[in-house]
Amino acid sequence: MKKAYGIIPPLITPFERDGLLSADSLVNILDFIEKYIHGIFVCGTYGQGPMMSLDLRKKVAEKVIEHVNGKLNIIIHVGSADTLTSVELARHAEDIGANAVASVPPYYYAHSEDAIISHYSRLLESVSIPVYVYNNPARVGYPIRPSLISKLYSIGVKGVKDSSFDLINFISYKLNTGEDFDVVIGTEGLILPGYVLGARAFIAGMSNYLPEVVHELFKSCEEGKLEKARELQFKVNRIRERVHMLGSPIAVSYAVLHERGVDAGYPRPPFSLPERKRVRELLSWIESYLKIKLF
161 MKKAYGIIPP
171 LITPFERDGL
181 LSADSLVNIL
191 DFIEKYIHGI
201 FVCGTYGQGP
211 MMSLDLRKKV
221 AEKVIEHVNG
231 KLNIIIHVGS
241 ADTLTSVELA
251 RHAEDIGANA
261 VASVPPYYYA
271 HSEDAIISHY
281 SRLLESVSIP
291 VYVYNNPARV
301 GYPIRPSLIS
311 KLYSIGVKGV
321 KDSSFDLINF
331 ISYKLNTGED
341 FDVVIGTEGL
351 ILPGYVLGAR
361 AFIAGMSNYL
371 PEVVHELFKS
381 CEEGKLEKAR
391 ELQFKVNRIR
401 ERVHMLGSPI
411 AVSYAVLHER
421 GVDAGYPRPP
431 FSLPERKRVR
441 ELLSWIESYL
451 KIKLF
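Taking the numbering used here, the leading residue of the sequence shown gets 161, the next gets one more, and so forth.
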């Protein structure tokens, strides 16, 4: 994988009510979204990777790669609170055929820059596939600053998934690295402005449950139909606002898929599905807003 490209959902992981992985539901979700996406980000925030055991994370990655069977690029998130766990997950990801791995810096503790550089150095030493930084300060507790990105770039990190929701940060990353450094935007909310600034890959949570809408936005950018893309971007962001009113967009993803006829399992506790009545009201509003049929 030279660089990440296109719409890459941070795939939700479906569980049974008892918390076990639902392999059948995983296949259902993948089949539903496959024709609208270009890759998959496994065991990230939406995928609830940090809430799973080491063995369960490996199992999810194996099931995804087995089902996709080389048709899409697979990036597996291996971030954890300690480096040794991340290294084990990265080696496993490479062994089963992942195209790249990504890692948040070790979380819970506020680590020094030297410790963070050491973490990524160990990852780079452990695998031959590309290693991406995952910048998610809201979840980790601290950011990967542009000055640190420059140092990580110099030791061989391939790129960064940036979930700062900050285009100034995106520009600063680009200014502090080279043209070969891959800055991936971690939201559908900035596809158009990100595309104009040179981003070509977007890890979009909405593509779990409204993949056709996110795909159409990216396609409009690719075709140079910027006025259409502008209209779609504003609509996508308006939908994001309504989704967040129901609670966690992670839990909403499962509920929307259920209403759209996809047996998508359940999120892992303590996440829980929002009230069905509110989800159906949301979908009815989206249908009216976009003038499309969803359920």
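Note that the Cβ used here is the ideal one computed from N, Cα and C, for glycine as well.
Which residue comes first and which comes last in the alpha helix (DSSP H) that contains S314?
The residue you call residue 314 lines up with position 154 of the sequence shown. Its alpha helix (DSSP H) spans residues P306 to S314.
Compute the beta-carbon to beta-carbon distance between P434 and L406, rounded to the nearest angstrom, for a pair I have assumed lies under 8 Å.
Within the sequence shown, the letter at position 274 stands for residue 434. Within the sequence shown, the letter at position 246 stands for residue 406. Sure, about 5 Å apart at Cβ, within 8 Å.
Helix, strand or coil for K395 per DSSP?
Here residue 395 is taken as the residue at index 235 of the sequence shown, counted from 1. Here K395 sits in helix by DSSP.
Let's test the definition: count the other Cβ atoms within 10 Å of the Cβ of G239 and tell me whether it reaches 16, buried, or not, exposed.
As a working mapping, residue 239 is identified with position 79 in the sequence shown. Result: buried.
At the level of alpha carbons, what is the spacing between F431 and C203?
In the sequence shown, the residue the question calls residue 431 occupies position 271. In the sequence shown, the residue the question calls residue 203 occupies position 43. Approximately 15 Å between the Cα atoms of the pair.
Using 8 Å as the threshold, is the C-beta distance between F192 and I235 below it?
For the purposes of this step, residue 192 is identified with residue 32 of the sequence shown, where counting begins at 1. For the purposes of this step, residue 235 is identified with residue 75 of the sequence shown, where counting begins at 1. The answer is no: Cβ separation not under 8 Å.
Just checking: is the beta-carbon of G209 within a distance shorter than 8 Å of some beta-carbon in chain D?
In the structure shown, chain D does not exist; there is a single protein chain.
F201 lies in the beta strand (DSSP E); which residues open and close that run?
For the purposes of this step, residue 201 is taken as the residue at position 41 of the sequence shown. It spans G199 to V202 - the beta strand (DSSP E) in which F201 sits, taken as one unbroken run.
The alpha helix (DSSP H) that contains D342, what's its start and end?
Against the sequence shown, residue 342 aligns to sequence position 182. Unbroken run through D342 is the beta strand (DSSP E), D342 to I345; no alpha helix (DSSP H).
Can you say whether S323 is buried or exposed, counting buried as having 16 or more other CB atoms within 10 angstroms of its CB?
Within the sequence shown, the letter at position 163 stands for residue 323. When all chains shown are included, S323 counts as buried.
Under 8 Å, do A359 and V344 count as touching if we go by C-beta distance?
Here residue 359 refers to the residue found at position 199 of the sequence shown. Here residue 344 refers to the residue found at position 184 of the sequence shown. A contact, by the Cβ cut-off of 8 Å.
From K321 to I331, what distance separates their C-alpha atoms?
Here residue 321 is taken as the residue at index 161 of the sequence shown, counted from 1. Here residue 331 is taken as the residue at index 171 of the sequence shown, counted from 1. Answer to the nearest angstrom: the Cα atoms are 13 Å apart.
Could you tell me how far apart the beta carbons of I309 and N336 are, in whole angstroms, since I believe they sit closer than 8 Å?
Taking the first residue of the sequence shown as 1, we reach residue 309 at position 149. Taking the first residue of the sequence shown as 1, we reach residue 336 at position 176. Going by Cβ atoms, the distance from I309 to N336 rounds to 6 Å, so yes, they are a contact pair.
What's the call for Y268, buried or exposed, on a 16-neighbour Cβ count within 10 Å?
Within the sequence shown, the letter at position 108 stands for residue 268. Y268 should be labelled exposed.
Could you tell me if D342 is buried or exposed, where buried requires 16 or more neighbouring beta carbons within 10 angstroms of its beta carbon?
The sequence position of residue 342 within the sequence shown is 182, counting from 1. Buried, because 16 or more other Cβ atoms sit within 10 Å of the Cβ of D342.
Can you say whether R217 is buried or exposed, counting buried as having 16 or more other CB atoms within 10 angstroms of its CB?
By one-based count along the sequence shown, residue 217 stands at place 57. That one is buried.
If you draw a straight line from the C-alpha of Y449 to the C-alpha of L442, how long is it?
Locating residue 449 in the sequence shown gives position 289, counting from the first residue. Locating residue 442 in the sequence shown gives position 282, counting from the first residue. Straight-line Cα distance between these residues: approximately 10 Å.
So, H237 versus A258, is the Cβ gap smaller than 8 Å?
Translated into positions along the sequence shown, residue 237 becomes position 77. Translated into positions along the sequence shown, residue 258 becomes position 98. No, these two residues do not count as a Cβ contact at 8 Å.
Please return the same chain residues whose Cβ sits closer than 8 Å to the Cβ of R121, not counting the five positions on each side in sequence.
For the chain, the structure presents residues 161 to 455; residue 121 sits outside this window and is missing.
Can you tell me whether DSSP reads H279 as helix, strand or coil?
As a position in the sequence shown, residue 279 is number 119, starting the count at 1. H279: helix per DSSP, three-state reduction.
How would you call I452, buried or exposed, if buried means at least 16 neighbouring beta carbons within 10 angstroms?
Along the sequence shown, read from residue 1 onward, the residue named residue 452 stands at position 292. Label assigned to I452: exposed.
At which residues does the beta strand (DSSP E) containing G319 begin and terminate?
Along the sequence shown, one-based indexing puts residue 319 at 159. First-last of the beta strand (DSSP E) with G319: G319 to D322.
List the DSSP bridge partners of P170.
Your numbering for residue 170 matches position 10 in the sequence shown. P170 is bridged to F201.
Could you check if G425 is buried or exposed, using at least 16 other CB atoms within 10 Å of its CB as the buried criterion?
Residue mapping note: residue 425 aligns to position 265 of the sequence shown, counting from 1. Buried.
Can you have a look at S272 and say buried or exposed, based on whether 16 or more other CB atoms are within 10 angstroms of its CB?
Position 112 of the sequence shown, counting from 1, holds the residue named residue 272. S272 should be labelled exposed.
Rounded to a whole number of angstroms, what is the C-alpha to C-alpha distance between I167 and N368?
As a working note, residue 167 is residue 7 in the sequence shown. As a working note, residue 368 is residue 208 in the sequence shown. Going by the C-alpha atoms only, they are around 11 Å apart.
Should the stretch 204 to 211 be regarded as contacting the stretch 409 to 423, the criterion being three or more beta carbon pairs within less than 8 Å?
Contact between the stretch 204 to 211 and the stretch 409 to 423 is present, because at least three Cβ pairs lie under 8 Å.
Tell me, please, whether the stretch 183 to 191 touches the stretch 373 to 384 by the rule of three or more beta-carbon pairs shorter than 8 Å.
Segments in contact, no.
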